[in-house]
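Accompanying notes for the structure given below.
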Amino acid sequence: ESCLSLAQLGSLADLCLSPGDICRLPPKTGPCEALIPRFFYNPASRTCESFIYGGCQGNGNNFRTLPECQRACRKRGKGTKHVNLLTWAGQLSELGQPEN
Numbered sequence: 001e002s003c004l005s006l007a008q009l010g011s012l013a014d015l016c017l018s019p020g021d022i023c024r025l026p027p028k029t030g031p032c033e034a035l036i037p038r039f040f041y042n043p044a045s046r047t048c049e050s051f052i053y054g055g056c057q058g059n060g061n062n063f064r065t066l067p068e069c070q071r072a073c074r075k076r077g078k079g080t081k082h083v084n085l086l087t088w089a090g091q092l093s094e095l096g097q098p099e100n
């Protein structure tokens, strides 16, 4: 239900992924040509690493700061669902919703 209402706002398809799924997405630079330093969680190394984001059409595994990446991907499976979405302006927002 909340995925449907969020999808109606025009957000990306990865909205309904669990935090663990979002943290497994590959880093996605996107087709735009900005050079924005960001962080993504690398499940192979189990660490957050830097990458360059182009400014559009990324995915949820895209964090402004290292601590933000570490918080989002460290908490997998601990009773809270966090949904990360890229807004049309390319800004990362995080929504938290307790599980029942």
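So the sequence shown is numbered by the numbering used here: it starts at 1 and just counts up by one.
Glycine included, each C-beta is placed from N, C-alpha and C at the ideal position.
Between the alpha carbons of Gly58 and Gly30 lies a distance of about 5 Å. Bridge pairing for Ile52: Pro37 [DSSP].
For Cys32, there is no enclosing alpha helix (DSSP H), since its DSSP letter is neither H nor E. Taking each of Phe39, Ile36, Gly60, Glu49 in turn and checking the Cα distance to Leu25, the smallest one comes out for Gly60. The beta-carbon separation of Cys69 and Cys56, rounded to 20 Å, does not stay under the 8 Å limit for a contact. Within the DSSP bridge table, the entry for Thr65 names no partner.
By the neighbour-count definition (other C-beta atoms within 10 Å, threshold 16), Cys32 is an exposed residue. In the same chain as Leu66, and ignoring 5 residues on each side of it, the C-beta atoms closer than 6 Å to its own belong to Phe39, Cys48, in chain order. Of the candidates Ala72, Pro27, Tyr53, Arg71, Pro27 places its Cα closest to the Cα of Asn42.
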